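Here the structure comes first, spelled out in structure tokens, and everything after it is commentary.
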Amino acid sequence: MTVILLSLVAAIGLYVLYFAARVARLGTRPAAFLDAGYALPSWSIMFLTPALAIAALGMQRHLFFVSHYGLQAVHLGVGLVLVSAAILLVWNRLWFATRVAGFSTPGEGLGRYYDSIALRVVVMMLTFVFVVPYAADMLSSTAILIERATEGFIPRASGVWMLAIMLAVPAIIGGWLSIVISLAMIGVLTVYLLPTSIIVAEILLPGQGFPQDAIGVIDGVLWDRLPGVIQYSAGIGKEIPAPGIFTTVAISSTSLALIGIVYSPVTLYLGQTVRAGGAFGITSVWLTGGLAAGLLVLGMPYLAARLGDGPLGFASSLFEFEPLLGAGFLLLLVASGILAVSFFVTGGTIIFIREMVLRYLLPELSPQGQRLSARIGLGFSFFIVALAASFAPTISAIVGSIALPMAVQLLPAILGLTFFAWISRGAILAGLTIGALIVLFTEPLGLVVFEALFVELPWGRWPLTIHSAAWGLVFNVLIVLLSSAATLKSPERLERDRFHRAMAMSMPAQGNWGRSVFWSVMLLWGFLAYGPGAILGNTFFSQPIFTDLEATLGIPSIWVWQILFWLIGVMIIWWLAYKVGLGRTTETLIKPIEMGSPDERRIPDWLSSGLTRVTKKSA
Amino acid sequence: MDESEAAERLARHGLVMAIWIPSVFVSTALSHMGIIGGGAWWVAAGFAAIIIAFIAHIILNAVTGTSFTAGETALGGAVFVAAVICYFGALLIGDEGVRTAVLMPVGIGLALLICAVIVYLVIAYGPRKAFEKFDVIRDNNLRAASRLPHRGGRR
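Protein chains in written order, with my numbering: chain A, 8 to 626; chain B, -3 to 151.
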């Protein structure tokens, strides 16, 4: 297993390096190193997005959940439909906003639209969380997997540095375009290997498997049903509800957290830099909501029923029949980690360089200098990530856990930029502050620090089985609505209105798409698919409510419910993409405008005086 | 070739690789499993993975308005010839078990690949033009007069 797995990982490394070299030899203008000329191939984003959505769930973590909590955890797969909706709603408008107002990064977009430096700083901090602790946690867990798979031949620390170097060199050589193109292939590989492993295992491995065999969950956990609408538990770390943690509110709030991957600055940047076309529609409807969600909903129960010995045991069983497939299953897990690390570190560093170095520190840098600074930044970032993954894996895991829920707190700000001109700067900042604090105190980072410094808190992680993302967002939105109501007639509103008018004129006219019917169907679907209504699925198809008869399906009722609402969800997303028209972008109607105050590229006084002092001393 | 054209070619190359690499990996694994004792159906599944990738490549060509490049055709031909040589090599020098496992499923699979290419050429170019692509004798006449239309020249 060791030789084959390492050979496959090396082959991926060589592939990424090959594309980096090819892109570097194109001889494109130096600025394209950072933004791919705002013309990323449509297919790359199509294949990369579903793999990113799966990475948001965390492949290893999701396998752990489904093998310990059964079909209640499988329900999270339906959450990818919500991710698809988020992609369409936000990426499409942000893409137009980028072309209309010339925003180079999500931070610049939000900062200039709301005329707020603070918001730019917030986005930079969020980017940092994704680049360092979140990526370091992914890197560390991938290296742990390699260590176990190779029976200690590649220790965790060595694995971390090996992977970091393998990903850093291509990023430094090829930049944003090469990384996105090569990660798209890894995305296809991931989506290819998952069903292959499941089908082959079902045919070859002994035992009947799902649904004849129950999923071997923890004692007391209800493997074939949701454990209620809500559980009155203090939260993970204090107590865990015996029948399972995935209540309907846990599923809906965790699905909400998943869309944090769409609102992370790096993923928004991916959406900004793609070329015009139908990429958003295809990736959201068919590949993310359709294929990826379908694989998780349909395939995971089969996999979970055979994961009694964990992923390594499963891979070993496959290895006995076919070495390449056994190693291929592990490669699927490794590739998922590699993809997330490479994507977030490369994209995040580029955003950092553009926002920080090119705007404030060295605003007069030539295009060649900009590329060089990005290359230095990438090398530095991968080094820091590897350092954090090697020597501070626990801290990285704790801090990284806030990345997705914190990204979700950007939702009101992004909706303001893309849809609602009445959302004001003050409202956004107040909402963000409250939302971030609540996320902090419902995740390990805040809990551990506060309890170590002060007193024991009565709640743990995700109290009442509600994910921190939802806790934060509820209060965030509440504050935003109240504050915006008080600032409806503020003078800045004129500028925001002007921007929204320009954006509306740049987009193709929408026909009659049945707005009220659509939102009614969407709400009803949400209520039944994720909301309290999902509890009906526990017995809806096995013990129908209008008769005393019991149906013998041969499969659990909740699984049928999940499949049904996944399919309905795909149809709703299709409506959003093709009837509403959010699945396509075009440059034909775009008329650029000057947005906000002129982009002053000057060094702040405190920094300038500091630099002068240093340079004078050295002189 | 200008910068954007080169970038387009590279993007297409990336897509072709993204289609073929996972397919070839899965195909190799399934075929290997079939040959070492899994049975003919696994070999068939391996060839199915190749044919799926081939169809995906054709769809790609149709969407992007391109055709198979010279490099792709050469690589495909070389790999196919290598596979045929390995096939006959296995039949000639392999032991009885390998011969039994390889003879029918791999032979039919290779034949199916040829059929798939022929079907593609006929659908894409029509029977006459598909034949003309292999009509080297017709192109082999170096005299200038052979280029005249009434002499059948088409260069």
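Even glycine gets a Cβ: it sits at the ideal position worked out from N, Cα and C. Everything numeric in this text was worked out from a predicted model, so none of it was measured.
Asked                                                                                                                     : Found
C-alpha distance - A/I597 paired with A/A104, whole-angstrom precision                                                    : 10 Å
Element boundaries [alpha helix (DSSP H), containing A/S91]                                                               : G86 to A93
Buried versus exposed, by CB contacts within 10 Å (16 or more), B/A107                                                    : exposed
Any 3 or more C-beta pairs closer than 8 Å across the stretch 159 to 171 of chain A and the stretch 420 to 430 of chain A : no
Endpoints, alpha helix (DSSP H) assigned at A/F26                                                                         : T9 to R32
B/R151 versus A/F506 - alpha carbon distance                                                                              : Any reading at B/R151 must be qualified, since the residue scores a pLDDT of 48, below 50, and its modelled position is unreliable; no value is offered.
Close-in-space but distant-in-sequence residues of the same chain around A/G438 (CB under 6 Å, 5 per side omitted)        : P419, N483, I486 and V487
Member of A/L55, A/F160, A/V90 and A/P113 whose CA lies at the smallest distance from the CA of A/L101                    : A/P113
Beta-carbon neighbours of A/E5, restricted to chain B and to distances below 9 Å                                          : Residue coverage of chain A in this structure runs from 8 to 626, which leaves residue 5 of chain A outside it and unanswerable.
Interface residues of chain D facing A/V195 [CB-CB closer than 7 Å]                                                       : In the displayed structure, chain D is absent; the protein chains listed are A and B.
In DSSP terms, what A/I243 is bridged to                                                                                  : A/R468
A/W573 - containing alpha helix (DSSP H), residue span                                                                    : S564 to W581
Pair within 8 Å by beta-carbon distance, A/L277 and A/I580                                                                : no
Whether A/A434 touches A/S490 by CB criterion (8 Å)                                                                       : yes
CB contact check: A/G34 to chain B, cutoff 8 Å                                                                            : yes
A/G284 in three-state terms, based on DSSP                                                                                : strand
Simplified DSSP state of A/T295, which is helix, strand or coil                                                           : helix
Minimum C-alpha distance to A/L13 - residue among A/G333, A/V129, A/E327 and A/Y367                                       : A/G333
Where B/T24 sits in the DSSP three-state scheme                                                                           : helix
Cβ distance (whole Å) where A/Y25 is taken to contact A/M602 below 8 Å                                                    : The pair is not a contact, with the Cβ atoms about 40 Å apart (cut-off 8 Å).
Within chain A, the residues that B/A25 reaches when beta carbons sit closer than 7 Å                                     : E329, L331, L332 and G335
Buried or exposed (CB count within 10 angstroms, at least 16 for buried), A/P632                                          : For chain A, the structure presents residues 8 to 626; residue 632 of chain A sits outside this window and is missing.
For A/L310, three-class secondary structure by DSSP                                                                       : helix
Proximity test, Cβ basis, 8 Å: B/G85 and chain A                                                                          : no
Min CB distance A/S51 to chain B below 8 Å                                                                                : yes
Those residues which DSSP pairs with A/L47 across a bridge                                                                : A/V281
Beta-carbon spacing of A/L83, A/S262 below 8 Å                                                                            : yes
Range of the contiguous alpha helix (DSSP H) that encloses A/M66                                                          : M66 to Y76
Through-space distance from A/L368 to A/R620, alpha-carbon basis                                                          : 15 Å
Residue(s) in a DSSP beta bridge with A/L592                                                                              : Before going further, note that residue 592 of chain A is Thr rather than Leu in the sequence given. According to DSSP, A/T592 bridges with A/G284.
Close-in-space but distant-in-sequence residues of the same chain around A/Q377 (CB under 7 Å, 5 per side omitted)        : P37, A38, L41 and L365
Contact set between B/H28 and chain A, taken where Cβ atoms lie within less than 7 Å                                      : E329 and L331
Partners in chain B for A/A249, counting only beta-carbon separations shorter than 9 Å                                    : Ordered by position in chain B, no residue passes the 9 Å Cβ test against A/A249, which lies about 41 Å from the chain.
Endpoints, alpha helix (DSSP H) assigned at A/R432                                                                        : R432 to L447
A/Q377: first and last residue of the uninterrupted alpha helix (DSSP H) it sits in                                       : P374 to F398
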